[in-house]
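The sequence shown runs 5 to 220 under the working numbering. Glycine residues also receive a C-beta, built at the ideal position from the N, C-alpha and C atoms.
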Amino acid sequence: MIAAHVHQALAQVHELKMRVLNAQRFTGYSGRCRIVGGTCALLAPMILSAGWYPKSPTAHLMGWGSVLAVSVLANYAAVLYWFFFHPDVKRDVRRLMPTVDALPSLIVGGILSLALIGRGDYDALFGTWMCLFGLTNLSSRQVLPKALWPLGFFYIGCGTFCLFWAGVSFTNPWPMGLVFGVGEWVGGLIFHCHRIPQPASTGFYSQGRDSHEQYA
Numbered sequence: 005m006i007a008a009h010v011h012q013a014l015a016q017v018h019e020l021k022m023r024v025l026n027a028q029r030f031t032g033y034s035g036r037c038r039i040v041g042g043t044c045a046l047l048a049p050m051i052l053s054a055g056w057y058p059k060s061p062t063a064h065l066m067g068w069g070s071v072l073a074v075s076v077l078a079n080y081a082a083v084l085y086w087f088f089f090h091p092d093v094k095r096d097v098r099r100l101m102p103t104v105d106a107l108p109s110l111i112v113g114g115i116l117s118l119a120l121i122g123r124g125d126y127d128a129l130f131g132t133w134m135c136l137f138g139l140t141n142l143s144s145r146q147v148l149p150k151a152l153w154p155l156g157f158f159y160i161g162c163g164t165f166c167l168f169w170a171g172v173s174f175t176n177p178w179p180m181g182l183v184f185g186v187g188e189w190v191g192g193l194i195f196h197c198h199r200i201p202q203p204a205s206t207g208f209y210s211q212g213r214d215s216h217e218q219y220a
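(1) Name the two residues that bound the continuous alpha helix (DSSP H) containing Phe-165.
(2) How is Tyr-33 classed by DSSP in three states: helix, strand or coil?
(3) Let me make sure I understand the geometry here. Which of Ala-63, Arg-36, Lys-150, Phe-165 has the alpha-carbon closest to that of Pro-179?
(4) Using the beta-carbon count (16 or more within 10 Å), is Leu-47 buried or exposed?
(5) CA-CA distance, Leu-136 and Val-76?
(6) Given a cut-off of 7 Å, decide if Ala-45 and Phe-184 are closer than it, judged by their beta-carbon atoms.
(7) Between which two residues does the alpha helix (DSSP H) holding Trp-133 run?
(8) Considering just the uninterrupted stretch of the alpha helix (DSSP H) at Leu-78, what are its terminal residues?
(9) Do the segment 50-70 and the segment 104-111 make contact, defined as three or more Cβ pairs closer than 8 Å?
(10) Answer with buried or exposed for Arg-98, where buried requires no fewer than 16 other C-beta atoms within 10 angstroms of its C-beta.
(11) Express the C-alpha separation of Ser-144 and Val-83 in angstroms, rounding to a whole number.
(12) Return the first residue and the last residue of the alpha helix (DSSP H) that Glu-105 is part of.
(13) Closer than 8 Å is the cut-off here; do at least three beta carbon pairs connect the segment 153-173 with the segment 113-122?
(14) Using beta-carbon positions only, say whether Gly-181 and Arg-38 come within less than 7 Å of one another.
(15) Using 10 angstroms around the beta-carbon of Met-50, count the other beta-carbons present and answer buried if the total reaches 16, otherwise exposed.
(16) Whose C-alpha, out of Asp-96, Leu-139, Ile-194, Lys-94, is nearest the C-alpha of Ile-111?
(17) Run through DSSP, which three-state label would Arg-95 get?
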């Protein structure tokens, strides 16, 4: 009897611990939307390397800007939907702090990009973007799946290689497309594999349809 009570108490403590951990996890990012961004990154080199596409750095910059726009719109639309409609969030602005934590590295990436473009040093953009995006993946490591840590270092490692490899050319879109395509697909699958079951509720969520990935 005593052993049974001890086992039950330990199970309850474990369940309580998991509830606390899950409450601390940020579940607003969408694995599916991240995969959409990765797919766009994989498709971009096919278009940018086509014979009919202009080979100028400006044209390629516009192409990658389009990929960025699609990815940002998809991911942050999912975050906004989560914020307004998830039953556990209750529109508490404090739940959005992990997105704020990612802003410094993104802002620095924008500043460095503008500086490099202003100097005409387009070939350094790929490596800079990869390194800064790797830091973005690591910025919210306390509330995101730990499996994202190796992904962040993957981006940083690829970015470092591109920065020091003299063979990188901004008008060759394949290094950028392959790194971000594979990386974002892996990131999306990590979110998918670490989903937290949806809470019982009425309305949209009770119908088993979720617009975002929840992960533990």
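Checking against the coordinates, here is how it stands:
(1) 152-168
(2) coil
(3) Phe-165
(4) exposed
(5) 15 Å
(6) yes
(7) 129-143
(8) Checking the sequence shown, residue 78 turns out to be Ala, not Leu. Run containing Ala-78: 61-89, per the alpha helix (DSSP H) assignment.
(9) no
(10) exposed
(11) 15 Å
(12) The amino acid at residue 105 is misidentified as Glu; the sequence shows Asp. That run of the alpha helix (DSSP H) goes 101-105.
(13) no
(14) no
(15) exposed
(16) Leu-139
(17) coil
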